[in-house]
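**Student:** Okay, handing you the structure first.
As structure tokens, then:
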């Protein structure tokens, strides 16, 4: 399996920013969405959040759009990685 760093490198996320990892694979809805939004509020704008989930977080995307975040999702064999960052 690819490392999270190699997944992030395949996205348009800025590579020169610090990264924070959030693993929500074991949480049932709506906890992954809530924890991701709470973590984003706590992080400095330059930090890239790498969310590891067991499914595509489809309900998260409109909330990220509303808040001005950019994101990309990569589906892997056993998880889904969503990379989230502040737009430029």
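In the numbering used here, the protein residues as written are 282 to 369.
We put the beta carbon where it would ideally sit given N, CA and C, even for glycine.
Please read these numbers as outputs of a predicted model, since none were measured by experiment.
Exposed or buried, what is residue 420 when buried is set at 16 or more other beta-carbons lying within 10 Å of its beta-carbon?
**Tutor:** Beyond the ends of the chain as shown, which are 282 and 369, falls residue 420; an answer cannot be given.
**Student:** Would you list the one or two residues that DSSP bridges to residue 330?
**Tutor:** In the DSSP output, where bridge partners are listed per residue, residue 330 has 301, 365.
**Student:** Looking at the secondary structure, which residues open and close the beta strand (DSSP E) in which residue 351 lies?
**Tutor:** Segment 350–356, the beta strand (DSSP E) holding residue 351.
**Student:** Does the segment 302–313 come close enough to the segment 323–338 to have 3 or more Cβ pairs within less than 8 Å?
**Tutor:** Enough Cβ pairs lie closer than 8 Å, so yes.
**Student:** Going by DSSP, what residue range makes up the alpha helix (DSSP H) through residue 287?
**Tutor:** Run containing residue 287: 285–290, per the alpha helix (DSSP H) assignment.
**Student:** Taking only the alpha-carbon atoms, compute the straight-line gap between residue 340 and residue 314 and give it to the nearest angstrom.
**Tutor:** Computed Cα separation, rounded: 8 Å.
**Student:** Going by the CB atoms, is the gap between residue 298 and residue 266 shorter than 8 Å?
**Tutor:** Look at the range of the chain in this structure, 282 to 369, and you will see that residue 266 is not part of it.
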